[in-house]
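Those protein sequences? They're chains P and F, same order as listed.
Letter 406 of the first sequence, counting from 1, is numbered 434 in our numbering, and no numbers are missing.
Letter 130 of the second sequence, counting from 1, is numbered 158 in our numbering, and no numbers are missing.
Beta carbons are placed, not taken as given, at the ideal position from N, Cα and C, and that holds for glycine.
Just so you know, these numbers come straight off a predicted model, no measurement behind them.
Protein chains: 2
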Amino acid sequence: MAVASKTNPSQPRHARDVAHWDLETDVAIVGFGGAGGCAAIEAADAGAQVTIFELASASGGSTAMSSAEIYMGGNGGTRVQKASGFEDSTEDMFQFMMACAGPQADEAKIRNYCERSAEHFDWLVSIGVPFKDSFLDERAIMCLTDDGLLYTGNEKAYPFNTVAKPCPRGHNLYVEGDHGGPLFMKIVTENVEKRDNIEVHYEARALTLIVDDSDEVVGLVVRENQQELNVRARGGVILCAGGFVMNREMVAKHAPKLTRGTEAIGNPGDTGSGIQMGISVGGAAINMHEGFISLPFYPPASMTYGIAINDKGQRFINEDVYHGRLGDFVLRQQSDRIYLILTVEQYADYETASYLGAPVAGTGETVEELEEELGLRRGSLVHTLATYNEDCLAGEDTQYHKSAKWLQPLEAPLVALDLTPGRGAFVPHFTLGGLDTLPTGEVVNEQRDVIPGLYAAGRTACGVVRRAEGYASGMSVGDATFSGRLAGQQAAARRQG
Amino acid sequence: MAVASKTNPSQPRHARDVAHWDLETDVAIVGFGGAGGCAAIEAADAGAQVTIFELASASGGSTAMSSAEIYMGGNGGTRVQKASGFEDSTEDMFQFMMACAGPQADEAKIRNYCERSAEHFDWLVSIGVPFKDSFLDERAIMCLTDDGLLYTGNEKAYPFNTVAKPCPRGHNLYVEGDHGGPLFMKIVTENVEKRDNIEVHYEARALTLIVDDSDEVVGLVVRENQQELNVRARGGVILCAGGFVMNREMVAKHAPKLTRGTEAIGNPGDTGSGIQMGISVGGAAINMHEGFISLPFYPPASMTYGIAINDKGQRFINEDVYHGRLGDFVLRQQSDRIYLILTVEQYADYETASYLGAPVAGTGETVEELEEELGLRRGSLVHTLATYNEDCLAGEDTQYHKSAKWLQPLEAPLVALDLTPGRGAFVPHFTLGGLDTLPTGEVVNEQRDVIPGLYAAGRTACGVVRRAEGYASGMSVGDATFSGRLAGQQAAARRQG
Numbered sequence: 029m030a031v032a033s034k035t036n037p038s039q040p041r042h043a044r045d046v047a048h049w050d051l052e053t054d055v056a057i058v059g060f061g062g063a064g065g066c067a068a069i070e071a072a073d074a075g076a077q078v079t080i081f082e083l084a085s086a087s088g089g090s091t092a093m094s095s096a097e098i099y100m101g102g103n104g105g106t107r108v109q110k111a112s113g114f115e116d117s118t119e120d121m122f123q124f125m126m127a128c129a130g131p132q133a134d135e136a137k138i139r140n141y142c143e144r145s146a147e148h149f150d151w152l153v154s155i156g157v158p159f160k161d162s163f164l165d166e167r168a169i170m171c172l173t174d175d176g177l178l179y180t181g182n183e184k185a186y187p188f189n190t191v192a193k194p195c196p197r198g199h200n201l202y203v204e205g206d207h208g209g210p211l212f213m214k215i216v217t218e219n220v221e222k223r224d225n226i227e228v229h230y231e232a233r234a235l236t237l238i239v240d241d242s243d244e245v246v247g248l249v250v251r252e253n254q255q256e257l258n259v260r261a262r263g264g265v266i267l268c269a270g271g272f273v274m275n276r277e278m279v280a281k282h283a284p285k286l287t288r289g290t291e292a293i294g295n296p297g298d299t300g301s302g303i304q305m306g307i308s309v310g311g312a313a314i315n316m317h318e319g320f321i322s323l324p325f326y327p328p329a330s331m332t333y334g335i336a337i338n339d340k341g342q343r344f345i346n347e348d349v350y351h352g353r354l355g356d357f358v359l360r361q362q363s364d365r366i367y368l369i370l371t372v373e374q375y376a377d378y379e380t381a382s383y384l385g386a387p388v389a390g391t392g393e394t395v396e397e398l399e400e401e402l403g404l405r406r407g408s409l410v411h412t413l414a415t416y417n418e419d420c421l422a423g424e425d426t427q428y429h430k431s432a433k434w435l436q437p438l439e440a441p442l443v444a445l446d447l448t449p450g451r452g453a454f455v456p457h458f459t460l461g462g463l464d465t466l467p468t469g470e471v472v473n474e475q476r477d478v479i480p481g482l483y484a485a486g487r488t489a490c491g492v493v494r495r496a497e498g499y500a501s502g503m504s505v506g507d508a509t510f511s512g513r514l515a516g517q518q519a520a521a522r523r524q525g
Numbered sequence: 029m030a031v032a033s034k035t036n037p038s039q040p041r042h043a044r045d046v047a048h049w050d051l052e053t054d055v056a057i058v059g060f061g062g063a064g065g066c067a068a069i070e071a072a073d074a075g076a077q078v079t080i081f082e083l084a085s086a087s088g089g090s091t092a093m094s095s096a097e098i099y100m101g102g103n104g105g106t107r108v109q110k111a112s113g114f115e116d117s118t119e120d121m122f123q124f125m126m127a128c129a130g131p132q133a134d135e136a137k138i139r140n141y142c143e144r145s146a147e148h149f150d151w152l153v154s155i156g157v158p159f160k161d162s163f164l165d166e167r168a169i170m171c172l173t174d175d176g177l178l179y180t181g182n183e184k185a186y187p188f189n190t191v192a193k194p195c196p197r198g199h200n201l202y203v204e205g206d207h208g209g210p211l212f213m214k215i216v217t218e219n220v221e222k223r224d225n226i227e228v229h230y231e232a233r234a235l236t237l238i239v240d241d242s243d244e245v246v247g248l249v250v251r252e253n254q255q256e257l258n259v260r261a262r263g264g265v266i267l268c269a270g271g272f273v274m275n276r277e278m279v280a281k282h283a284p285k286l287t288r289g290t291e292a293i294g295n296p297g298d299t300g301s302g303i304q305m306g307i308s309v310g311g312a313a314i315n316m317h318e319g320f321i322s323l324p325f326y327p328p329a330s331m332t333y334g335i336a337i338n339d340k341g342q343r344f345i346n347e348d349v350y351h352g353r354l355g356d357f358v359l360r361q362q363s364d365r366i367y368l369i370l371t372v373e374q375y376a377d378y379e380t381a382s383y384l385g386a387p388v389a390g391t392g393e394t395v396e397e398l399e400e401e402l403g404l405r406r407g408s409l410v411h412t413l414a415t416y417n418e419d420c421l422a423g424e425d426t427q428y429h430k431s432a433k434w435l436q437p438l439e440a441p442l443v444a445l446d447l448t449p450g451r452g453a454f455v456p457h458f459t460l461g462g463l464d465t466l467p468t469g470e471v472v473n474e475q476r477d478v479i480p481g482l483y484a485a486g487r488t489a490c491g492v493v494r495r496a497e498g499y500a501s502g503m504s505v506g507d508a509t510f511s512g513r514l515a516g517q518q519a520a521a522r523r524q525g
């Protein structure tokens, strides 16, 4: 049995127990990553006095550690989409994102995200985020060139390509290499710093919320310089404190499937403290079981010509999907091993350009030899490959609908990579659950009543992205920045209203 | 945006707003099903004044609607296990239940459940629950005879049979037909009624909890005869209000996979109000995404000779598993259709003795004909059956490890039943998430600190049962009655302490 510590995020402080307000502000923001930064800018531009409390000694959060691709489109297309020759419809974007989120989709939130996506692009440009008007036509996980646009999800893969017309929506910052995240946060930080009505407290740990006798959130307790400060927030508190992937106890309790991942993606502050603070005042935490969990089997893109199989020798997915979707389907297999079967030529590509880290599980001069080496049942892989190769020659994957572009018969000699989580391959993962919010960023309780004075954005909230199987790169930073902006606007308006 | 109603389970009332206590008791219990009834008996026997508030006009809850099998064993065996020739070890039971719960297992809770399981059996006998000392050696979903013991889960199936020595632990009440639930609740109700220190209020709706200024739960608000009553509970409130399967909004939000079920199993009171009350005072809700979801493809037991396939013609499970495990694996398939392939003799059994309701999807004088009729890729089912039949003749299922007992070659003519959820088959489901509690029944917050004065048991809590893929019949009533007892003891002790 745990003993309650004096001040922890699971137990709010009552305003009646606050003898003195050490600080007062209009809008208090917990966390200075992409969500918190955008929230601050919007709240400040609406005239509010804003104070950001950041645990670390610098801004950044997980956004700075990411590639900062930003998922945007619809509305006929962003400037970059149009310049690259893509016309994107809001309805296509909406249908695609609804399919990504599946039964747990928040329709109102997705609708709002899609309808205002072009406006969000323009806002980002207005604060100085640079995008080049060019398209990278590559199957990549991140953009290592300075191109402005690429496909970053399952848009072209079955079954998503039957739901909506594919269109690339991953917007990449105008910078060479994987440096989008640091550049993005540099721009956001400069925007924050030049606004006189935003104050940033670094090395400031938010400990718990403060509620009044009407159960409104009226402030928070912060520890700075080894002192606890009672902070009054007249408009409200916006929680932008990230997810909970670094809190292994919470991950095991809430998102058990992520325990099969090898590499937690996030910053050390992703301990779930923001989510816990929200829960402590009655906020509903939703979708807590879901997370992104991936086997980044490409690049090189030629890996897509391979087939993924389980220990029955069966395929189980179209291999032209986004890597996170493959990861999710790997976890569903009742199988001790998962393999990627490649030709020796493809394996040569793998050796030079992959960072997957999957060891070689077996090789075979013939399919039968590989079967034996992998301990597969005699005839199982032979059958799978015979079917697959026949389909390749006919130009149609009759079983899993991999697109014709990626169909090439796999002829021996063959190599099998071991994709099994826990046996060497890199399995990055992060959480997708958080506080339930309205599109405005207002945190709601289980009955979806608003908790006055409390807002959440970014990974602390449960946003538009809901499932590993429907994830696309750019949806996290897209959601964080967009939801942060709306929460900032809303909290500022509350203080004025 | 929802508007807050005056009194709802998501917003606790504050004791300072209570002008007058309409009722006072030691232990207030919400819900008179199996958990609430057992909680009341134990609290009363510990000397507490107990008041039960039941929404319906009679006791029963979901326990009365169930078969009331009770999952018990270990400790060398219960009286019925021993008399039936089974010696059960606590360690086997523990390892099995840990495997059932998987990564989200609550080890302390499962350990406690197993170690005290024989004592729980004795207690049930002591209050008059009758069990016959006999074993039903049948693969059944429920016991239609009056036998006292049967296998009710995956104990004998791969991979569970590699983790622990199989032993039957489903205890069935001494009554013919599927009448265990009503009999069980009749006995519990008589026990409640004969205790002078238990008062039962029927048609009494618990509206919300009452907390004092130290955030202790000190009572609850109840509506009776169109009046709101403030009830003070000196020892605490025990929430035994069932799960949330009847609240379709909560199911969609928290347990999206259950939306593929066709029949919600529970009573109309399973609206999640107990869970919501717990959340409103900071209780952590865990495992909310999980639920039991089944395709009850047996009885007749001979269905187990069949094979389940997806629309790629692939098997995906050992068909000797518990029906709920099949249900869970069906949902993992990326497949528009799921079929059960039977011989015509097996189909004749199905027609006479099944209540699955799965329509015939196709028939074939040859495997090729069936393949074509089902629209499967040419050669896919041919290959699967060739492999399977070869394995049957050799006596070993090399792919899915169905036990040798159930291996019989499937020879044409063949029949395919359509198991696809939503196409006719009966798909029962219920929720397995709820408030996080210590083994004592004390509700804890996200940091696992106890919320003073609040207890939960049965489906309102998240108990020993955590996953569809590891469910066994009898685990729900077993957990409800056992956890109810412990919560009753604990709440009674708190009032005295």
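Proximal residues of chain P, C-beta to C-beta of residue i below 7 Å
i	result
P131 (chain F)	A280, P284, T287
I314 (chain F)	K281, H282
K340 (chain F)	Q427
E474 (chain F)	S38, Q304, I307
H317 (chain F)	H317
Contact check, residue i vs residue j, beta carbons under 8 Å
i	j	result
F124 (chain F)	E166 (chain F)	no
Q304 (chain F)	S511 (chain F)	no
T465 (chain P)	R487 (chain P)	no
G498 (chain P)	A129 (chain P)	yes
F541 (chain F)	C195 (chain F)	Since the first and last residues shown for chain F are 29 and 525, residue 541 (chain F) lies out of range.
G89 (chain P)	G271 (chain P)	no
A485 (chain F)	C268 (chain F)	yes
M170 (chain F)	S504 (chain F)	no
I138 (chain F)	G516 (chain F)	no
Under 9 Å by beta carbon: chain F residues contacting residue i
i	result
D243 (chain P)	Q39, P40, H42
R531 (chain P)	No statement about residue 531 (chain P) is possible, as the shown extent of chain P runs from 29 to 525 and does not include it.
I238 (chain P)	The premise fails here: I238 (chain P) is roughly 13 Å from chain F at the closest Cβ pair, so nothing lies under 9 Å.
Given residue i as reference, the closest of the options once Cα atoms are compared
i	options	result
K340 (chain F)	P:E373, P:F60, P:G300, P:D425	P:D425
V203 (chain F)	F:C195, F:P196, F:R197, F:F212	F:F212
A261 (chain F)	F:E252, F:F272, F:L442, F:L248	F:L248
L83 (chain P)	P:R360, P:K433, P:A232	P:A232
E52 (chain P)	P:N295, P:G263, P:V273	P:G263
A280 (chain P)	F:E135, F:S162, F:G450	F:E135
Where residue i meets chain P, residues with beta-carbon distance less than 8 Å
i	result
F357 (chain F)	Q362
Near the ligand FAD: residue i beta-carbon under 7 Å from a heavy atom
i	result
E221 (chain F)	Here there are no bound small molecules, and the ligand FAD is not part of this structure.
Contacts of residue i in chain P (Cβ-Cβ under 9 Å)
i	result
G26 (chain F)	Coverage of chain F is limited to positions 29 through 525, which leaves residue 26 (chain F) absent and any answer about it impossible.
I369 (chain F)	Those do not exist, as I369 (chain F) stays about 17 Å from chain P at its closest Cβ, beyond 9 Å.
Chain-ordered neighbours of residue i on chain F, where CB pairs are closer than 7 Å
i	result
I266 (chain P)	Those do not exist, as I266 (chain P) stays about 18 Å from chain F at its closest Cβ, beyond 7 Å.
H411 (chain P)	H411
Chain F contact residues for residue i, given Cβ-Cβ distances below 8 Å
i	result
I345 (chain P)	Q362
Query - Residues of the stretch 423–453 of chain F with Cβ closer than 8 Å to any Cβ of chain P, in chain order - result: T426, Q427, Y428
Query raised in the report: Along the chain, which unbroken stretches of the beta strand (DSSP E) at least 3 residues long are found entirely within the stretch 58–140 of chain F?
Result: The stretch 58–140 of chain F contains these whole beta strand (DSSP E) runs: 78–81.
Query raised in the report: Where in the stretch 344–387 of chain F do unbroken runs of the beta strand (DSSP E), each at least 3 residues long, occur, reported from the N-terminal end onward?
Result: 366–371
Report task. May I have a chain-ordered list of the beta strand (DSSP E) segments no shorter than 3 residues that lie completely inside the stretch 193–251 of chain F? Result -> Runs found: 226–229, 233–239.
Requested in this report: Within the stretch 282–311 of chain F, note down every full alpha helix (DSSP H) run reaching 4 residues or more, in order along the chain.
Outcome: Those alpha helix (DSSP H) runs which fall completely within the stretch 282–311 of chain F and span 4+ residues are 301–308.
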